[in-house]
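Enquirer: Dropping a structure here in structure tokens format, bear with me for questions.
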Amino acid sequence: MKFWSVFWALYMLFFCIPFPIFIYLKTSGLGSEPKSSEFLSYIYLGLSLLIWLFVVGYLITKLIFKDFITKYRMEKISKNGIFRDAEVVKYQLLHFNSKTNYNFIKILLSFHNYRNVLIEHEMYFIDTKPNEKRYDEGKSVKILLNPDFNHPPYFILKDQKVSWNVKAIIFKVLMIIALIAYILGLYIYFYNKESYDFGWRFLTFMHPIVFSGIMMLLYILFDMILMQGLLFKVNKDERILFAGRNAEAEILNVSQTGLTINDQPQVMFQLKYSDYRGKEHIAVYKEIISLLNIVSIPKEGKINILYDEKNPDKIIIPKIF
7 MKFWSVFWAL YMLFFCIPFP IFIYLKTSGL GSEPKSSEFL SYIYLGLSLL IWLFVVGYLI
67 TKLIFKDFIT KYRMEKISKN GIFRDAEVVK YQLLHFNSKT NYNFIKILLS FHNYRNVLIE
127 HEMYFIDTKP NEKRYDEGKS VKILLNPDFN HPPYFILKDQ KVSWNVKAII FKVLMIIALI
187 AYILGLYIYF YNKESYDFGW RFLTFMHPIV FSGIMMLLYI LFDMILMQGL LFKVNKDERI
247 LFAGRNAEAE ILNVSQTGLT INDQPQVMFQ LKYSDYRGKE HIAVYKEIIS LLNIVSIPKE
307 GKINILYDEK NPDKIIIPKI F
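Just so you know, the sequence shown maps onto residues 7 to 327 in this note's numbering.
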């Protein structure tokens, strides 16, 4: 998974950085004549500066500021978190690091959420003391719920340490510096080669200074739409899981939507339930279901759900099977 993430990132960056330069040099070349009017050239110059400022700002926020925000929130939970006892329902060793003797593990925890409803949630982390077997199935661990359940992380382990990955931060900073150097290099190189006595009149829409920035912008917008959309759904569902109220819902209809992800069908549940005030609601919930489990989906009867108290139409089914 990590390999393919890196591969596609490099593949996209090829079309954002060297490809526009290659196309420009092959089709237009480094000419000595102005290619646009003075007015239009300044529009292209201003547009390119705005795009590159946005690109650099977005990457700084995503790669660096996001880590500071996450660390701040985890430290806040450590001080003000709501205490819960959790039971380890399932343990899975994902990777063992023989150099550090650390285990990268996944555990399934069962505990009471913010509304005191019993829920289950998976957690991935590095176990620095695997010999103590603190997270074997059946063991009890202490966790802290985030009092501000509008923002992740929604909980942490009580003894979880918050520290910086210095190597990762240095690598990210170097990436930002390399990008800034590339941008400055674009402006300096092409201005010295093509400006002559005409200033920025060599700029066109397809010029690498402009077009390379536009390709980077499209890449970032694609990342924002795809990843932010997925994260929004995950965060929305987790928010309901950690802060939602429980109810027993009647199954009105179960059907496939026609959407598939990795050949796994999306199933839509239409449910009717009453909230804690006694008010009746009809809500829809969609979930990707494994083909192996499709026949086990309940088609009628009752099912337990969690709903958002402020927006009762938003529900999740924590356990479909």
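All residues carry an ideal CB built from backbone N, CA and C; glycine is no exception. Since the model is a prediction, treat every value here as computed from it, not as a measurement.
Measuring only the C-alpha atoms, how far is residue 310 from residue 319?
Expert: Mapped onto the sequence shown, residue 310 falls at position 304. Mapped onto the sequence shown, residue 319 falls at position 313. Their backbone Cα atoms lie some 15 angstroms apart in a straight line.
Enquirer: On the DSSP bridge list, what partners appear for residue 274?
Expert: In the sequence shown, counting from the first residue as 1, residue 274 sits at position 268. The partner list for residue 274 (beta bridge, DSSP) reads 261 and 292.
Enquirer: Do residue 277 and residue 265 count as a contact pair if the criterion is CB distance below 8 angstroms?
Expert: The residue labelled residue 265 in the question sits at position 259 within the sequence shown. The residue labelled residue 277 in the question sits at position 271 within the sequence shown. No.
Enquirer: Where does residue 46 fall in DSSP's three states?
Expert: Translated into the one-based positions of the sequence shown, residue 46 becomes position 40. The answer is helix: DSSP assigns residue 46 an H, G or I state.
Enquirer: Where does residue 23 sit, in a helix, a strand or coil, going by DSSP?
Expert: Here residue 23 is taken as the residue at index 17 of the sequence shown, counted from 1. Reduced to three states, the DSSP call for residue 23 is coil.
Enquirer: Could you tell me whether the stretch 211-221 touches the stretch 43-54, using the rule of 3 or more Cβ pairs below 8 angstroms?
Expert: Taking 8 angstroms as the limit for Cβ pairs, the verdict is that the stretch 43-54 does touch the stretch 211-221.
Enquirer: Taking C-alpha atoms, which residue in 72, 98 and 113 lies nearest to residue 157?
Expert: What you label residue 157 is simply residue 151 of the sequence shown in a count that begins at 1. Taking only the C-alpha atoms, the option nearest residue 157 is 72.
Enquirer: In terms of alpha-carbon separation, which member of 33, 112, 150 and 48 lies closest to residue 84?
Expert: Sequence index remark: in the sequence shown, residue 84 carries index 78 (1-based). Of the listed residues, the one whose Cα sits closest to residue 84 is 150.
Enquirer: Do you know offhand how far residue 22's Cα is from residue 326's?
Expert: The residue you call residue 22 lines up with position 16 of the sequence shown. The residue you call residue 326 lines up with position 320 of the sequence shown. Between residue 22 and residue 326, the C-alpha separation is close to 43 angstroms.
Enquirer: Answer with buried or exposed for residue 200, where buried requires no fewer than 16 other C-beta atoms within 10 angstroms of its C-beta.
Expert: Against the sequence shown, residue 200 aligns to sequence position 194. By the 10 Å Cβ count, residue 200 comes out buried.
Enquirer: Would you call the stretch 249-258 and the stretch 297-310 touching, i.e. three or more CB-CB distances under 8 angstroms?
Expert: Counting Cβ pairs under 8 angstroms, three or more are found: they touch.
Enquirer: Measure the C-alpha to C-alpha separation of residue 70 and residue 179 and round it to an integer number of angstroms.
Expert: Walking along the sequence shown from the start, residue 70 turns up at place 64. Walking along the sequence shown from the start, residue 179 turns up at place 173. If I take the Cα positions, the gap works out to 8 angstroms.
Enquirer: Do the stretch 92-108 and the stretch 121-139 make contact, defined as three or more Cβ pairs closer than 8 angstroms?
Expert: Yes, since at least three Cβ pairs between the stretch 92-108 and the stretch 121-139 fall closer than 8 angstroms, the two stretches touch.
Enquirer: Cα-Cα, which of 272, 119, 163 and 206 is closest to residue 49?
Expert: Here residue 49 refers to the residue found at position 43 when the sequence shown is read from its first residue. If we check each option's Cα against that of residue 49, 206 comes out closest.
Enquirer: Since residue 97 is in the beta strand (DSSP E), which residue starts that stretch and which ends it?
Expert: If you number the sequence shown from 1, residue 97 lands on position 91. Note, residue 97: beta strand (DSSP E), 88-103.
Enquirer: For chain B, check one thing: does any of its Cβ atoms lie closer than 8 angstroms to the Cβ of residue 322?
Expert: Of the protein chains in this structure there is only one, and it is not chain B.
Enquirer: Only counting the same chain, and skipping five residues up and downstream in sequence, which positions put a Cβ closer than 6 angstroms to that of residue 7?
Expert: Within the sequence shown, numbered from 1, the residue matching residue 7 stands at position 1. Because residue 7 sits at a pLDDT of 44, beneath the cut-off of 50, its placement in the model cannot be relied upon, and the point is left open.
Enquirer: Determine whether the beta carbon atoms of residue 270 and residue 296 lie at a separation below 8 angstroms.
Expert: Numbered from its first residue, the sequence shown carries residue 270 at position 264. Numbered from its first residue, the sequence shown carries residue 296 at position 290. Yes, they are a contact pair.
Enquirer: CA-CA distance, residue 76 and residue 198?
Expert: Here residue 76 refers to the residue found at position 70 when the sequence shown is read from its first residue. Here residue 198 refers to the residue found at position 192 when the sequence shown is read from its first residue. Between residue 76 and residue 198, the C-alpha separation is close to 43 angstroms.
Enquirer: Rounded to whole angstroms, what's the CA-CA distance from residue 67 to residue 222? Just pull it up for me.
Expert: Residue mapping note: residue 67 aligns to position 61 of the sequence shown, counting from 1. Residue mapping note: residue 222 aligns to position 216 of the sequence shown, counting from 1. Taking the straight line joining both Cα atoms gives about 16 angstroms.
Enquirer: Is residue 208 helix, strand or coil when you go by DSSP?
Expert: What you label residue 208 is simply residue 202 of the sequence shown in a count that begins at 1. Residue 208 falls in the coil class under three-state DSSP.
Enquirer: Please go through the same chain and pick out, in chain order, the residues whose beta-carbon is closer than 7 angstroms to the beta-carbon of residue 40, but skip the five residues on each side of it.
Expert: If you number the sequence shown from 1, residue 40 lands on position 34. Closer than 7 angstroms at Cβ, skipping near neighbours: 204, 207 and 208.
Enquirer: Start and end of the alpha helix (DSSP H) containing residue 326?
Expert: One-based indexing of the sequence shown puts residue 326 at position 320. That residue, residue 326, is in no alpha helix (DSSP H); it is neither H nor E in DSSP.
Enquirer: Mind checking which residues open and close the alpha helix (DSSP H) that includes residue 198?
Expert: Position 192 of the sequence shown, counted from the start, is the residue given in the question as residue 198. Unbroken alpha helix (DSSP H) run through residue 198: 172-200.
Enquirer: What is the DSSP secondary structure of residue 106, counted as helix, strand or coil?
Expert: Numbered from its first residue, the sequence shown carries residue 106 at position 100. Coil at residue 106, not helix or strand.
Enquirer: Look at the alpha carbon of residue 25 and the alpha carbon of residue 19, and state the distance between them as a whole number of angstroms.
Expert: Sequence index remark: in the sequence shown, residue 25 carries index 19 (1-based). Sequence index remark: in the sequence shown, residue 19 carries index 13 (1-based). Near 9 angstroms, if we compare the C-alpha coordinates of residue 19 and residue 25.
Enquirer: Given this structure, state the Cα-to-Cα distance separating residue 88 from residue 152, to the nearest angstrom.
Expert: For the purposes of this step, residue 88 is taken as the residue at position 82 of the sequence shown. For the purposes of this step, residue 152 is taken as the residue at position 146 of the sequence shown. In a straight line, the C-alpha of residue 88 is about 7 angstroms away from that of residue 152.
Enquirer: Confirm, please, whether the CB-CB distance from residue 59 to residue 182 is below 8 angstroms.
Expert: Here the question's residue 182 lines up with position 176 in the sequence shown. Here the question's residue 59 lines up with position 53 in the sequence shown. No; because the gap between Cβ atoms is not below 8 angstroms, this pair is not in contact.
Enquirer: List the DSSP bridge partners of residue 129.
Expert: Here residue 129 refers to the residue found at position 123 when the sequence shown is read from its first residue. Answer is 113, bridged to residue 129.
Enquirer: Along the beta strand (DSSP E) that carries residue 308, what are the first and last residues, could you check?
Expert: Taking the first residue of the sequence shown as 1, we reach residue 308 at position 302. Counting along the chain, the beta strand (DSSP E) containing residue 308 begins and ends at 308-313.
Enquirer: Return the chain-ordered list of same chain residues with a C-beta closer than 6 angstroms to the C-beta of residue 98, the five sequence neighbours on each side being excluded.
Expert: Within the sequence shown, numbered from 1, the residue matching residue 98 stands at position 92. Correct list, in chain order: 112.
Enquirer: Taking 8 angstroms as the threshold (C-beta atoms), are residue 303 and residue 260 in contact?
Expert: Counting from one through the sequence shown, the residue named residue 260 turns up at place 254. Counting from one through the sequence shown, the residue named residue 303 turns up at place 297. Their beta carbons are under 8 angstroms apart, which means residue 260 touches residue 303 by this criterion.
Enquirer: Provide the residue span of the beta strand (DSSP E) that contains residue 155, from first to last.
Expert: The residue you call residue 155 lines up with position 149 of the sequence shown. No beta strand (DSSP E) holds residue 155; DSSP gives it neither H nor E.
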